[in-house]
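In our numbering, the protein residues as written are 17 to 136.
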């Protein structure tokens, strides 16, 4: 009888795992429908991100840092969860696609920030 319990437990575990995956897939499909995106878009995005990841640090004023949080909240209201890295990378892509005149104006409008680590 011990073997039957193990088999049943194994079958139940596999069934639960399959159901969890099915629910996850349904939610992803529903989110893509509400966002007006193709379900395969997330898969393609993951495949494109095969470049080497580089960790860096930088200095910014508090207002700009708060803007990252505000943008994260804005995305959440749109039903999309993003992190700081995604917001910064999206901003870089937007700047890269911008006309030169607008690109120059944006950087000229930024407040000067002292670079480096603060002294304690």
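Glycine included, every Cβ here is placed at the ideal spot set by N, Cα and C. Since this is a predicted model, take the numbers as computed values, not measurements.
Can you grab the Cα-Cα spacing for the pair residue i / residue j, in whole Å?
i, j, result
"residue 47", "residue 95", "8 Å"
"residue 70", "residue 133", "19 Å"
"residue 27", "residue 44", "26 Å"
"residue 111", "residue 38", "39 Å"
"residue 83", "residue 34", "40 Å"
"residue 77", "residue 117", "24 Å"
"residue 99", "residue 72", "15 Å"
"residue 141", "residue 125", "This structure leaves residue 141 out entirely; the chain is present only between 17 and 136."
"residue 51", "residue 108", "23 Å"
"residue 150", "residue 101", "For residue 150 there is no data in the structure shown, the boundaries of the chain being 17 and 136."
"residue 105", "residue 97", "15 Å"
Assuming residue i contacts residue j under a Cβ cut-off of 8 Å, what Cβ separation, rounded to an integer in Å, is found between them?
i, j, result
"residue 75", "residue 135", "Residue 75 to residue 135, Cβ: 13 Å. No contact."
"residue 103", "residue 87", "5 Å"
What are the boundary residues of the alpha helix (DSSP H) that residue i is part of?
i, result
"residue 21", "18 to 51"
"residue 101", "100 to 112"
"residue 127", "Element bounds for residue 127: n/a, residue is neither H nor E."
Report yes or no: is there a C-beta of chain C within less than 8 Å of the C-beta of residue i?
i, result
"residue 20", "Of the chains in the structure shown, none is chain C; there is only one protein chain."
Is residue i close to the ligand MN? I mean its beta-carbon at under 7 Å from any heavy atom of the ligand.
i, result
"residue 85", "By its list of ligands, the structure shown contains no ligand whatsoever, and the ligand MN lies outside what it can speak to."
Under a Cβ-count criterion, where at least 16 other Cβ atoms within 10 Å of its own Cβ denotes burial, should residue i be classed as buried or exposed?
i, result
"residue 55", "Per-residue confidence for residue 55 stands at a pLDDT of 48, beneath the threshold of 50, marking its modelled position as unreliable; no derived number is given."
To which residues of the same chain is residue i closer than 7 Å at the C-beta, ignoring the five residues directly before and after it?
i, result
"residue 22", "none"
Taking 8 Å as the limit between beta carbons, can you name the residues of its chain near residue i, skipping five residues before and five after?
i, result
"residue 119", "111"
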